[in-house]
Structures are given as structure tokens and as C-alpha cells.
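In UniProt numbering, the protein residues as written are 1 to 190.
Shown next as C-alpha cells:
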């Protein structure tokens, strides 16, 4: 039980760190932990989801604080937010569908930080962000844990399930990135 709690603690730290330093593959960490838990300690899958969600939530709070205090100067450095039309669209979606936008931004590679900046730039208050981001982080953790469970269930050895989960996450992320780029290219040529 102690090693399970220790592993959950490490998962929390990795995901929280990855939410602040976006080069860490946090989704792959949750998927790999779920694939391993499926084989080693099936009763601890809920703990994997909880640790992943808590790490994502705490990391998002830190990132949102950085975005709020960085302000317009920081937001304008991103090319993605220089386009007023695009920024206005994100602000409007954030006002109407906060949880949905935050969840989708977590699932799209490179989408979370620009959405957090747009939320900060749009003046979404702390209370609103804290409430809207909680279900988004939980759903994100459930999605990636499910991917890990699927990968883990197809293989006999835990390491094979972990490897399959990581490869699946990479393929899904690359596919989403490819479709996003194609859609953006199609929108600019129209």
C-alpha cells in the first residue's frame, strides 16, 4: 500500500510539474501509470485517476496565476493570441462553455497554455476558473487513464501495456495536431 501511495505521489508531482513546464508528457504519464496499475494493483486505478487529476489541477492553478500576473505583455508574445479575431472567439467560448473549452484545451497538444492565457486575458475570475477547471482536470485524467487501461488490457506484461499506452498517446496527439494544422491551413486559404 505504501508503494502505491508513493507512486501516486510521484504521478501527482510529474503531472503538476508538467502542467507548469508543458514539455513533460503528462497524459502519457497518467496512461502509463494506469496500464501498470492494471497489472500490478488493479484496485489502485482510482488512485491513478485522482493523482493525475489533482496534479493537473494544481499545475493549472500555478499556470493560471503565472498567466494572470504576466498579463497582456505575456499574452501578446504568442503568435496564437496576436490575432484579435481568434482571441475574441476563444474569449466567447470561454464565457459560454468554460469546462468544455478547458477540457478540450487539455486534450489538444499545445492547446492548454494559450487557452489559459486567453482566460486570464479575458478576465475570467479566480473563483470561476477554480470551479470550471476541476471537472476538466478530472475528465482529462479519466480519458488518459482509460487509454492506459485499454493498452494494459491487451498485453500480458505490464511494460508492454505501458509502452502501448505511451505509443497510443503519441499517435493520438500527432493525429490531433495534424488535423488541427490542416484545418487552420484550410481556414487561411478560404
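Even for Gly, the Cβ is constructed at its ideal location relative to N, Cα and C.
Under 9 Å between C-beta atoms of residue i and residue j
i: residue 14; j: residue 4; result: no
i: residue 40; j: residue 144; result: no
i: residue 141; j: residue 32; result: no
i: residue 58; j: residue 30; result: no
i: residue 99; j: residue 115; result: no
i: residue 129; j: residue 119; result: yes
i: residue 151; j: residue 37; result: no
i: residue 44; j: residue 7; result: yes
i: residue 51; j: residue 11; result: yes
i: residue 63; j: residue 113; result: yes
i: residue 154; j: residue 164; result: yes
Three-state secondary structure (DSSP) of residue i
i: residue 199; result: Nothing about residue 199 can be reported from this structure: the residues present for the chain run from 1 to 190 only.
i: residue 41; result: coil
i: residue 66; result: helix
i: residue 48; result: helix
i: residue 24; result: coil
Span of the alpha helix (DSSP H) around residue i
i: residue 129; result: 126-153
i: residue 114; result: 112-122
i: residue 156; result: Element bounds for residue 156: n/a, residue is neither H nor E.
Closest Cα partner of residue i within the set the options
i: residue 126; options: 181, 175, 69; result: 69
i: residue 96; options: 167, 171, 175, 124; result: 124
i: residue 122; options: 157, 92, 24; result: 92
i: residue 170; options: 108, 149, 138; result: 108
i: residue 66; options: 11, 182, 105, 21; result: 21
i: residue 191; options: 61, 111, 11; result: Only positions 1 to 190 of the chain appear in this structure, which leaves residue 191 out of reach.
i: residue 53; options: 160, 157, 179, 138; result: 138
i: residue 172; options: 9, 19, 28; result: 28
i: residue 104; options: 88, 136, 132; result: 136
i: residue 168; options: 42, 60, 147; result: 147
i: residue 132; options: 154, 156, 9, 106; result: 106
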